[in-house]
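**Q** Before anything else, here's the structure in question.
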Amino acid sequence: MQTADQTLDEILTLAAAHFKVPRETLGPDDDFFKTLGIDSLQTLDLLTRLEHHFHVELPDYELQGVSDFRTLAGRIQARL
Amino acid sequence: MRTLQEQPRGESHSGHSFRGQAMSWQLKHGTIELALYREPCNELGSLALDELEKFAAALESIQPEAHALIICSELKCGFCAGADLRELYHRSQGMEKAEALRGVRDFLERIHKVLNTIDAAPLTTIAAVHGVVFGGGFELALACDLIIADKMARFCFPELRLGLIPGFGGIPRLKRDLGNGVVRDLLLTGRSFNATKALQVGLVSQMVGEGEALRAARATAAQLSKFDRETAIAAKRFIKPIPQEELRREIDIFCDLFERPAVQAGLKKFVESTEAQPYLP
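Which chain is which? The protein sequence lines are A and B, in order.
Just so you know, numbering that gives the first Met the number 0 puts 4 at position 5 of the first sequence, and the rest follows in order with no gaps.
Just so you know, numbering that gives the first Met the number 0 puts 39 at position 40 of the second sequence, and the rest follows in order with no gaps.
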């Protein structure tokens with residue numbers, strides 16, 4: 000099974016590619032709403048992409064209050 | 000995916016086509032295409048309902064020349080984010096409680112009539128969906144015979160967090176099509192399903208790549224044109240009963256719940272929310 004750091008790195012890479020921001024500008028503890036400049040609908044888009052990428056189901060209520068990449072990675076890691 | 004046209008949209012009719020402020024439809028090669036394009040995400044309010052009623056009325060004269068109906072969205076955000084909660088909230092402000100409730104019941108009766116017409120239409124109906132397919136948008140898709148989903152589609156009934164149940168026929172139609180465990184999961188948790196999950200549980204008939212739902216729906220409609228129309232109508236009538244009694248009960252339950260102060264508080268919170276995640280139940 001992949002490590003939590005690998006999961007985090009894949010999330011950052013996927014988010015950077017999809018929202019067209021330089022990968023090096025994204026940090027694990029960044030607020031992804033602010034860093035990526037995304038709204039709630041775009042967050043759902045990101046959630047769907049992450050579910051497809053990691054082959055997991057992530058109930059959206061588990062993302063309530065989650066705004067940084069590291070916590071998001073933790074939620075996904077728990078379902079791998 | 001087609002992009003939203005930028006010219007002003009006046010309403011126009013010409014034979015078997017229509018272009019309004021919230022949607023357009025046209026009959027081409029035996030297929031009717033109904034395209035939604037009301038910003039921000041095809042919310043179903045009074046304007047959309049007016050045009051859906053025009054569509055339902057026009058359907059009677061168009062359908063003898065058609066074998067299929069495709070409903071899709073031209074907006075990038077998705078198929079439809081559901082009922083126009085902002086309009087619902089603002090309209091109910093300043094009204095007597097009884098008057099507000101009459102308005103809600105009238106809206107529900109009207110949209111049920113439209114969706115029942117689509118549900119029972121003597122055509123094969125296909126919802127080609129992508130992105131957000133939430134609440135009333137999900138209910139519109141459920142009125143169709145087939146749902147073809149872009150892999151980025153997401154389905155959700157978020158009504159419980161407002162203190163309501165889906166009101167456009169969602170529960171009876173979902174219950175008609177799926178196992179009760181899945182219905183309870185969607186309804187009681189308010190969580191959203193992606194297209195892969197929707198395919199697994201039998202909610203969608205096909206999942207396709209990004210931007211491919213309309214193309215796949217057109218290919219399906221072209222296949223349907225090869226079949227005898229009367230046989231297709233008979234098959235549909237046989238396997239797709241309209242759950243009339245439950246649909247009536249749904250309106251009553253919705254209206255009972257709508258009277259409670261918790262609903263007004265829930266609507267107010269949604270409308271005035273500056274949270275970054277208002278679509279996340």
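Cβ atoms here follow ideal geometry from the backbone N, Cα and C, with glycine treated the same way.
1) E289/B: which of E158/B, K196/B, T195/B and E258/B sits nearest, CA to CA?
2) Does E9/A have its Cβ less than 7 Å from a Cβ in chain B?
3) Counting along the chain, where does the alpha helix (DSSP H) carrying L177/B start and finish?
4) Under a three-way DSSP split, which group does Q25/B fall into?
5) Is there at least one non-hydrogen atom of the ligand ADP closer than 6 Å to the beta-carbon of D149/B?
6) Go ahead and label T41/B buried or exposed: buried means 16 or more other beta carbons lie within 10 angstroms of its beta carbon, across all protein chains shown.
7) Within its chain, find whatever has a CB closer than 7 Å to the CB of G162/B; leave out the 5 residues flanking it on each side and keep chain order.
8) Run through DSSP, which three-state label would I31/B get?
9) My assumption, with CB atoms under 8 Å, is that G134/B sits in contact with A82/B. Please give the rounded CB distance.
10) With a threshold of 8 Å on Cβ separation, who are the neighbours of H52/A within its own chain once the five nearest residues in sequence on each side are excluded?
11) Going by DSSP, which residues form a beta bridge with A67/B?
12) Along the chain, where does the beta strand (DSSP E) that runs through S91/B open and close?
13) Thinking C-beta only, is R69/A closer than 7 Å to D28/A?
14) In whole angstroms, give me the CA-to-CA distance for L62/A and K150/B.
15) When you compare the CB of S191/B with every CB in chain A, is at least one pair closer than 7 Å?
16) Quick one: what's got a C-beta closer than 7 Å to T34/A's C-beta in the same chain, skipping five residues either side?
17) Whose Cβ in chain A lies nearer than 9 Å to the Cβ of K150/B?
18) Use the C-beta contact count for I146/B: other C-beta atoms within 10 angstroms, 16 or more gives buried, fewer gives exposed.
19) With 7 Å as the threshold, decide whether the Cβ of L3/B is near any Cβ in chain A.
20) In the DSSP output, which residue or residues are listed as bridge partners for D30/A?
**A** For this structure:
1) Outside the shown range of chain B (0 to 280) lies residue 289/B, about which nothing can therefore be said.
2) The count along the first sequence starts at 1 and reaches residue 9/A at position 10. No, E9/A does not count as interfacial toward chain B.
3) Locating residue 177/B in the second sequence gives position 178, counting from the first residue. Element bounds for L177/B: n/a, residue is neither H nor E.
4) Taking the second sequence and counting its residues from 1, the one referred to as residue 25/B is at position 26. Correct three-state label for Q25/B: strand.
5) The ligand ADP is not part of the structure shown, which contains no ligands of any sort.
6) Counting from 1 along the second sequence, the entry for residue 41/B is found at position 42. Reading off the sequence shown, one finds Asn at residue 41/B, where the question assumed Thr. With 16 or more other Cβ atoms within 10 Å, it is buried.
7) Against the second sequence, residue 162/B aligns to sequence position 163. Hits under 7 Å: L256, R259, A261, V262 and G265.
8) As a first step, residue 31/B must be located in the second sequence, where it is residue number 32. Note: I31/B maps to strand in three-state DSSP.
9) Working through the second sequence from its first residue, we reach residue 134/B at position 135. Working through the second sequence from its first residue, we reach residue 82/B at position 83. Between A82/B and G134/B the Cβ distance is about 6 Å, and since that is below 8 Å, they are a contact.
10) Locating residue 52/A in the first sequence gives position 53, where the first residue counts as 1. Exclusion of the five residues before and after H52/A leaves E9 and L13 as the residues of its chain whose Cβ lies within less than 8 Å of its Cβ.
11) Indexing the second sequence from 1 puts residue 67/B at position 68. The partner list for A67/B (beta bridge, DSSP) reads T30/B and T123/B.
12) Counted from its first residue, the second sequence places residue 91/B at position 92. No beta strand (DSSP E) holds S91/B; the alpha helix (DSSP H) holding it covers L84 to S91.
13) Residue numbering aside, residue 28/A sits at position 29 when the first sequence is read from its first letter. Residue numbering aside, residue 69/A sits at position 70 when the first sequence is read from its first letter. Yes. Within cutoff.
14) Taking the first sequence and counting its residues from 1, one reaches residue 62/A at position 63. Taking the second sequence and counting its residues from 1, one reaches residue 150/B at position 151. In a straight line, the C-alpha of L62/A is about 21 Å away from that of K150/B.
15) Position 192 of the second sequence, counted from the first residue, corresponds to residue 191/B. Answer yes: the Cβ-Cβ gap between S191/B and chain A drops below 7 Å somewhere.
16) Along the first sequence, one-based indexing puts residue 34/A at 35. Closer than 7 Å at the Cβ level, and outside the excluded window around T34/A, lie L25.
17) Here residue 150/B is taken as the residue at index 151 of the second sequence, counted from 1. What K150/B touches in chain A: T47 and H51.
18) Locating residue 146/B in the second sequence gives position 147, counting from the first residue. Its Cβ being crowded by 16 or more others within 10 Å, I146/B is buried.
19) Against the second sequence, residue 3/B aligns to sequence position 4. Low local confidence applies: a pLDDT of 38 at L3/B is under 50, so the model's placement there is unreliable, with the coordinate-based value given in what follows. Under the Cβ criterion of 7 Å, L3/B is not counted among the residues facing chain A.
20) Within the first sequence, residue 30/A is the residue found at index 31, counting from 1. Partner(s): D67/A.
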